[in-house]
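Asker: Protein chains in written order, with the numbering used here: chain A, 618 to 1058; chain B, 618 to 1058. Beta carbons: idealized from backbone N, C-alpha and C, even for Gly. Every value quoted in this text rests on a predicted model; they were computed, and no experiment measured them. Have a look at this one.
Protein chains: 2
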Amino acid sequence: MSKPLRIAVAGLGTVGAGTLRLLQDNAGTIAARAGRALQVTAVSARDRGRDRGLDLSGVQWFDDPVALARDAEADVVVELIGGSEDPAKLLVETALRAGRHVVTANKALLAHHGTALAGLAEGVGRTLGYEAAVAGGIPIIKGLREGLAGNRISRVYGVLNGTCNYILTQMAGELEGAGNPQAGQNFETVLAEAQRLGYAEADPSFDVDGIDTAHKLAILTAVAFGCEVDFGSVYVEGIRNVSALDVAYADELGYRIKLLGLAQLVDGAVEQRVHPCMVAKELPIASVAGVFNAVVADGDFVDTVMYEGRGAGSGPTASAVVADLIDIARGTILPVFGIPAANLARLPSLPMGEHLCPYYLRLLVRDEPGVIADVAAALRDESISMESMIQRGRAEGEGEAVPVIIMTHETQEAQIQRALARIAELEAVVEQPRLIRIVDL
Amino acid sequence: MSKPLRIAVAGLGTVGAGTLRLLQDNAGTIAARAGRALQVTAVSARDRGRDRGLDLSGVQWFDDPVALARDAEADVVVELIGGSEDPAKLLVETALRAGRHVVTANKALLAHHGTALAGLAEGVGRTLGYEAAVAGGIPIIKGLREGLAGNRISRVYGVLNGTCNYILTQMAGELEGAGNPQAGQNFETVLAEAQRLGYAEADPSFDVDGIDTAHKLAILTAVAFGCEVDFGSVYVEGIRNVSALDVAYADELGYRIKLLGLAQLVDGAVEQRVHPCMVAKELPIASVAGVFNAVVADGDFVDTVMYEGRGAGSGPTASAVVADLIDIARGTILPVFGIPAANLARLPSLPMGEHLCPYYLRLLVRDEPGVIADVAAALRDESISMESMIQRGRAEGEGEAVPVIIMTHETQEAQIQRALARIAELEAVVEQPRLIRIVDL
């Protein structure tokens, strides 16, 4: 058996501690599979005194993670600090320049600097593993980059953020059936409960505003299509505006609402978007519940493949980190995004305004004569064709507000946005009109 | 770029032709990913004259596949002949002994001779790829052997045969909803339709009797648990006895019937079984419809991961074959079952008689006094506890037969089999009693 793979870990939060625990608990199995032992030789974290329930005897301690990247006696540096800029970025660059492989769970870093870091890693003949950065424990990077490597991928999409999926699932009351007290509750209420349970951060904006999903999507896009990482071109819209009413109407119309990250090739251009979607209930992706993640890839020969599993948490993320470490120990060193960074295509991005799909529109209008005619005229003037409309019951008093739901036929985003801007200015429309895109998967 | 990887393909049926087409259609993408071209240099098939729509100019032709394995100018031999014995076996052995890598889609070969062939391959420093042998296009071998390599896997199971899943889905009428004319039809009728559509072979026994699923399961077991392939210990029961009545009662009781292959570690012993299962409708595996396959793995850190995709067909199987070829071109050479063949454990197998689960029992009894008492006594004498019983309506004439459905609490297989043998001998029981195991996933 070869000599041990020496590993330095920067960051001992949930994932870092989970990684050390996994390497310790399954040391024998891992050594048998990797052909050599995986040995943690150095760690770095903010507070040396804190009890993490880990045996760190014989492990070199660094207060400064960048010093660890430079000086630790290690073949690989595992970056679990997070954030798209320094110290994480400097740490990764320092480790690569010192000739060490890097494994990271940092989606923000990869989304912002993936192409450059891949070029750096390949230039020094080292690898940059990031299985843990996308969809937690699901080995989707390996799945795309190796398992489906024979295919031209035309589309990749998924439920990539467990917090959002937990909130949407709870709002729909799917998790515990009709008896679920949260079914029918609004976003804010369910978010507060998710925060209490530890499924959402105190500041939830990174998750609920779709940014985390967009980071992951930008990485998936590069791997799937062999193009440069282009986070700036991702259209991003979160779930804050999804209301209990939307969830109820979706159910009635045969849909579930999911926050999807979706990337596809359209005539040589890349479309990347993150937004709430109405997806037909019968689709497998519609059944992905709670904190689970799922990724679907469409390949020209394999057709459709779906991966589902836990997208976050100490154990699943550690599983992905260690899979990368075992690859390195086994000597599997591949181009970071599947083809050499220098050859990644710079593809044009499709403007969101050109996106075509049917739309669900929700208006809150005062119940008075002529309103529907004005709304219909605004749609007609943008050549938007209605598929159906639901206006049910009457307001308590004349002039009070009632919801109106409109489903359109396929329409261009720019047109629907112009129509909605005009509708929003109607005096009888008492709330910003909302839209949810209906996706055909 | 390095020199091309030279490939010899034995067998130009559906999968062989698909593989050549994939290598041709996606040659540029594949070369970019593999870092070198993948070039077919030799082929072998039974009928040289047949038009397969493939350009074979410049490709060496062999009438004898074993001669191809020995003499072709190739780095890799792709075996797509099938069957657990010669010529497939001899061809693979010959290719390995000649120092060539082998890629195969042959589950029967691996199930019967996997351990020995792995030893042979590793002994000569070559690899034996078999991603295409299990679950078609789903990269599950890579998923288990690499993606989840940090985990101790406690259980792996799946829908592994598209023919059976198509038949069971059609019987349940899930595919096309209530209007499906095949819903409520019996096994034989749906099988005939599946044969007409090309989803089932003229001789369907390999599929519907569970043997194909058992082959795949035996392979998954070895990869998941790091043990020798032990096809002989797989308990196998097919779907011929699943009736329209069972499908209807399953639906009423909240279940779907799926043919699963399931392997788990129980106190250091391996349980491998293939049989129709009642699975709760809400489970993701219950929604795997038609010819799709799915595999679920439970790991100690990753928790549960599920893969779903097409389990057969020219394109998906070719996708898996080519993924193995790209791995070889990239230089990724791993032990065949994840750890060296010499270190694969020889684990004891758990006898089916010791298996514990709740059971669904279907009896057809003459509608006369005392029958239920006799049935209940047979169960009681084996200490089998009933959870519920359904006997609905009365027979047209006295003494005619009516179905009786019994759900038991958790029971040992040996006990239920003894009780059923006794029940079968009751004079009022007019048909062999049937059982379906209820699995808790």
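(1) If you follow the beta strand (DSSP E) that H892 of chain B is part of, which residue opens it and which one closes it?
(2) Suppose the cutoff is 8 Å on Cβ atoms and the five residues either side in sequence are ignored; what does the same chain contact list for D692 of chain A look like?
(3) Please tell me whether, using a cut-off of 6 Å, the distance from the CB of L996 of chain A to the nearest non-hydrogen atom of the ligand ZN is below it.
(4) On a Cα-Cα basis, can you pick out the residue from A:Y924, A:Q1029, A:N858 that is closest to N803 of chain A?
(5) With DSSP as the reference, label A914 of chain A as helix, strand or coil.
(6) Within the chosen definition, does the region 840-851 of chain B reach the region 931-943 of chain B through at least 3 CB pairs nearer than 8 Å?
(7) Output yes if chain A places a C-beta closer than 7 Å to the C-beta of I1022 of chain B; else output no.
(8) Cβ closer than 7 Å: which chain A residues qualify as neighbours of R650 of chain B?
(9) If you measure beta-carbon to beta-carbon, which residues of the region 917-931 of chain B are closer than 9 Å to chain A?
(10) Determine which residues of the region 744-764 of chain B have a Cβ less than 7 Å from any Cβ of chain A, and write them out in chain order.
(11) So, with DSSP's three-state summary, where would you put Q1034 of chain A?
(12) Assuming G754 of chain B and V922 of chain A form a contact by the criterion Cβ under 8 Å, report the distance between their Cβ atoms to the nearest whole angstrom.
(13) Looking at C-beta atoms only, is the number of pairs between the region 941-955 of chain B and the region 744-761 of chain B that lie closer than 8 Å three or more?
(14) Using DSSP with H/G/I as helix, E/B as strand and the rest coil, what is L978 of chain A?
(15) Would you say T631 of chain A faces chain B, with C-beta separation under 7 Å as the test?
(16) Please classify L685 of chain B as buried or exposed, where buried requires at least 16 other C-beta atoms within 10 Å of its C-beta.
(17) I'd like to confirm the pairing. Which residues does DSSP put opposite F679 of chain A in its beta bridges?
(18) Run down chain A in chain order and give the residues with a C-beta less than 9 Å from the C-beta of N643 of chain B.
(19) Report the three-state DSSP secondary structure of R983 of chain A (helix, strand or coil).
(20) Check each candidate in A:F909, A:E763, A:L726, A:V840 and name the one with the smallest Cα separation from G779 of chain A.
(21) Shortest alpha-carbon distance to V919 of chain B belongs to which of A:D915, A:V912, A:A935?
(22) Report yes or no: is there a C-beta of chain A within less than 7 Å of the C-beta of L639 of chain B?
(23) What are the start and end residues of each continuous alpha helix (DSSP H) run of 4 or more residues lying completely inside the region 787-852 of chain B, in chain order?
(24) Give the DSSP-derived three-state secondary structure of A1045 of chain A in the structure shown.
(25) Can you tell me whether A847 of chain B is buried or exposed? The criterion is at least 16 other CB atoms within 10 Å of its CB, across all chains shown.
(26) For the beta strand (DSSP E) that I624 of chain B lies in, which residues bound it at each end?
(27) My guess is that R1035 of chain A and C974 of chain A are in contact by the Cβ rule of under 8 Å, so how many angstroms apart are they, rounded?
(28) T646 of chain B CB to nearest chain A CB: under 7 Å?
(29) DSSP three-state label for A906 of chain B, please.
(30) Can you look up A733 of chain A in the DSSP assignment and give me helix, strand or coil?
(31) Measuring only between beta-carbons, confirm whether G794 of chain A sits less than 7 Å from chain B.
(32) Would the beta-carbon of A1041 of chain A fall within 7 Å of that of V988 of chain A?
(33) Give me the chain A residues within the contact set of A990 of chain B, using Cβ-Cβ distance strictly less than 8 Å, ordered along the chain.
(34) First and last residue of the beta strand (DSSP E) that includes R638 of chain B?
(35) Quick check on L595 of chain A: does DSSP put it in helix, strand or coil?
(36) Measure the C-alpha to C-alpha separation of L792 of chain A and G907 of chain A and round it to an integer number of angstroms.
Answerer: Quick look at the numbers:
(1) First-last of the beta strand (DSSP E) with H892 of chain B: 886-897.
(2) Cβ neighbours of D692 of chain A beyond the five flanking positions: L622, R623, I624, R717, H718, I945.
(3) Among the components of this structure there are no ligands whatsoever, and the ligand ZN is therefore not found.
(4) Of the listed residues, the one whose Cα sits closest to N803 of chain A is A:N858.
(5) Note: A914 of chain A maps to strand in three-state DSSP.
(6) No, because fewer than three Cβ pairs between the region 840-851 of chain B and the region 931-943 of chain B fall closer than 8 Å, the two stretches do not touch.
(7) For I1022 of chain B, the answer is no, since every Cβ of chain A falls outside 7 Å of its Cβ.
(8) One finds A766, G955, I956 in chain A with Cβ atoms closer than 7 Å to the Cβ of R650 of chain B, taken in chain order.
(9) Listed by position along the chain: D917, F918, V919, D920, T921, V922, M923, Y924, E925, G926, R927, G930, S931.
(10) Along the region 744-764 of chain B, the positions whose C-beta sits under 7 Å from a C-beta of chain A are G754, I755, P756, K759, G760, E763, G764, read in chain order.
(11) When secondary structure is reduced to three states using DSSP, Q1034 of chain A falls in the helix class.
(12) The beta carbons of G754 of chain B and V922 of chain A sit about 6 Å from each other, so the pair counts as a contact at 8 Å.
(13) Cβ pair count under 8 Å is three or more, so yes.
(14) In the structure shown, L978 of chain A falls within a strand segment according to DSSP collapsed to helix, strand and coil.
(15) For T631 of chain A, the answer is no, since every Cβ of chain B falls outside 7 Å of its Cβ.
(16) In the assembly as shown, L685 of chain B is a buried residue. Its beta-carbon has 16 or more other beta-carbons within 10 Å.
(17) F679 of chain A pairs with A:S661.
(18) Here the neighbours are G767, N768, R769, D917, F918.
(19) Note: R983 of chain A maps to strand in three-state DSSP.
(20) When only C-alpha atoms are compared, the closest one is A:F909.
(21) Of A:D915, A:V912, A:A935, the residue nearest in Cα terms is A:A935.
(22) By this cut-off, L639 of chain B is an interface position.
(23) Within the region 787-852 of chain B, the complete alpha helix (DSSP H) runs of at least 4 residues are 804-814, 822-825, 828-842.
(24) Coil at A1045 of chain A, not helix or strand.
(25) Strictly speaking, residue 847 of chain B in this sequence is Asp, with Ala absent from that position. With 16 or more other Cβ atoms within 10 Å, it is buried.
(26) Counting along the chain, the beta strand (DSSP E) containing I624 of chain B begins and ends at 622-627.
(27) At roughly 16 Å, the Cβ-Cβ gap does not stay under 8 Å, so R1035 of chain A and C974 of chain A are not in contact.
(28) By this cut-off, T646 of chain B is an interface position.
(29) Looking at A906 of chain B - three-state DSSP - the assignment turns out to be coil, as it is neither helix nor strand.
(30) Note: A733 of chain A maps to helix in three-state DSSP.
(31) With a pLDDT of 49 at G794 of chain A, under the threshold of 50, the modelled position of that residue is not reliable, and the figure given next carries that caveat. Not closer than 7 Å to any Cβ of chain B, the Cβ of G794 of chain A fails to qualify, so no.
(32) No. Outside cutoff.
(33) For A990 of chain B, there are no neighbours in chain A by C-beta distance under 8 Å, as the nearest C-beta there is about 38 Å away.
(34) Segment 631-642 is the alpha helix (DSSP H) holding R638 of chain B; no beta strand (DSSP E) there.
(35) The structure shown does not extend to residue 595 of chain A, since chain A spans only 618 to 1058, so no value can be given for it.
(36) Any answer about L792 of chain A is weak, because its pLDDT of 47 lies below 50 and its placement is not dependable; what the coordinates show is given next. In this structure, the CA atom of L792 of chain A is about 7 Å from the CA atom of G907 of chain A.
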